[in-house]
Amino acid sequence: MICVASIDYLVLTVASVSRTFKFYSENFGMKPVGDDSDHYALRFGDHIIYLHPLGKEKQHSARNFHVGSADICFITKKPIDQVKKELEINKVPILSDITVSTGARGLLQSIYIHDPDGNLIQLSHY
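The sequence shown begins at 2 in our numbering and counts up one residue at a time.
See the structure below:
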């Protein structure tokens with residue numbers, strides 16, 4: 002049996018790389034990496050999100066490409082009430098009040114937003 006240890010990166014199909022870079026870097030402190038026109042990525046911690054512009058898929062890609070079909074949970078360093086305040090200051094629409102749900106390590110507090118492509122982003126804190 003193959004034993005998977007962790008996730009290294011994920012790929013989002015996006016309508017606008019520049020809009021996605023701006024949203025994730027300004028709101029979440031993710032850093033753009035790479036500078037050639039074929040590789041777009043955002044780094045946070047030990048992880049990377051690769052951005053594939055719609056219509057420019059790679060050789061090894063998912064079968065179906067859809068903008069706005071992802072559902073991602075990010076764990077925040079700050080308590081979720083502080084995260085909510087920062088989102089409000091930045092005028093990012095919040096989809097729900099603070100909720101409690103179960104994550105990979107137990108109970109966490111979360112709020113939900115959409116990124117510019119409509120992907121569901123769950124911001125959570127243990």
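Positions of the beta carbon are idealized from the N, C-alpha and C atoms, including for glycine.
Next item on the list: Tell me whether Y25 sits in a helix, a strand or coil according to DSSP, three-state version.
Entry: For Y25, the secondary structure class from DSSP, reduced to helix, strand or coil, is helix.
Next item on the list: Can you have a look at L96 and say buried or exposed, based on whether 16 or more other CB atoms are within 10 angstroms of its CB?
Entry: With fewer than 16 other Cβ atoms within 10 Å, it is exposed.
Notebook entry, point to check: Nearest-angstrom Cα distance between K79 and S62?
Noted result: Rounded to the nearest angstrom, the two C-alpha atoms are 34 Å apart.
Margin query: For a test of the three-state rule: what should DSSP assign to V5, helix, strand or coil?
Written below: Secondary structure of V5 (DSSP, three-state): coil.
Check: Would I50 pass as a contact of Y113 if the rule is Cβ separation under 8 Å?
Finding: One thing to note: I50 has its Cβ no nearer than 8 Å to the Cβ of Y113.
Margin query: Just to confirm the assignment, what range does the alpha helix (DSSP H) spanning D118 have?
Written below: Judged by DSSP secondary structure, D118 falls outside any alpha helix (DSSP H); it is assigned neither H nor E.
Item checked: Close beta carbons around V101, own chain, < 8 Å, minus the five adjacent residues each side -> L108, L109, Q110 and S111, listed in sequence order.
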